[in-house]
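Colleague: Here it is, the structure in full.
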Amino acid sequence: MVKGNLEKALDDRLEGTGKRQRLTPISPLTHGQVEAWSAENGLAIKAVAGIRVFHDYLRHPPSTEADWARLVALEQRYCRTEPHWRLGRYLLYTLVR
């Protein structure tokens, strides 16, 4: 755990509760589950991207505009690259019929 609640992780309570305004999924799915659901519903995964692949692992946020620009460039460089996209805090799936 880099940042987070170790006790929740040890107790396998990583899903959200839906009681607060957060983006933590209430019922998180694996990539395999998303693939299966997509296929069952006649959809194909066109693209996958990880959002905030590196940002959440930083000990300190960037302090200058130049550092922010470098971080954004790094995120954009790796957000669609295997296996880095899987490290994203959020995963963005683009599905097509």
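In our numbering, the protein residues as written are 3 to 99. By construction, the Cβ of each residue, glycine as well, lies at the ideal position given by its N, Cα and C atoms. Please read these numbers as outputs of a predicted model, since none were measured by experiment.
1) Can you tell me the Cα-Cα spacing of Val-36 and Lys-48, whole angstroms?
2) Identify every run of the alpha helix (DSSP H) within the region 30 to 97, keeping only runs that are complete inside it and at least 4 residues long; order them along the chain.
3) Compare the Cα-Cα distances from Tyr-59 to each of Ala-75, Leu-12, Leu-89, Gly-20 and report the closest residue.
4) Taking the alpha carbon of Arg-82 as the reference point, which residue from Leu-73, Leu-93, Arg-72 has its own alpha carbon closest?
5) CA-CA distance, Ala-64 and Gly-20?
6) If you drop the 5 nearest sequence neighbours on each side, which residues of the same chain put their C-beta closer than 7 Å to that of Arg-99?
7) By Cβ distance below 7 Å, which residues in the same chain neighbour Leu-76 in space, the five residues on each side in sequence not counted?
Modeller: So, from the listed chains and residues:
1) Walking along the sequence shown from the start, residue 36 turns up at place 34. Walking along the sequence shown from the start, residue 48 turns up at place 46. Approximately 12 Å, taken between the alpha carbons.
2) The DSSP assignment places 33 to 42, 67 to 80 as complete runs of the alpha helix (DSSP H) inside the region 30 to 97, in order along the chain (cut-off: 4 residues).
3) Here residue 59 refers to the residue found at position 57 when the sequence shown is read from its first residue. For Tyr-59, the nearest C-alpha among the options comes from Leu-89.
4) Residue numbering aside, residue 82 sits at position 80 when the sequence shown is read from its first letter. Selected option, being the one with the closest Cα: Leu-93.
5) For the purposes of this step, residue 64 is identified with residue 62 of the sequence shown, where counting begins at 1. For the purposes of this step, residue 20 is identified with residue 18 of the sequence shown, where counting begins at 1. The residue you asked about is not Ala; residue 64 is Pro in the sequence shown. Their Cα atoms are separated by approximately 30 Å.
6) Translated into the one-based positions of the sequence shown, residue 99 becomes position 97. Excluding the 5 residues flanking it on each side, Arg-99 has same chain C-beta neighbours closer than 7 Å at Gly-44, Leu-45, in chain order.
7) As a position in the sequence shown, residue 76 is number 74, starting the count at 1. Closer than 7 Å at the Cβ level, and outside the excluded window around Leu-76, lie Phe-56.
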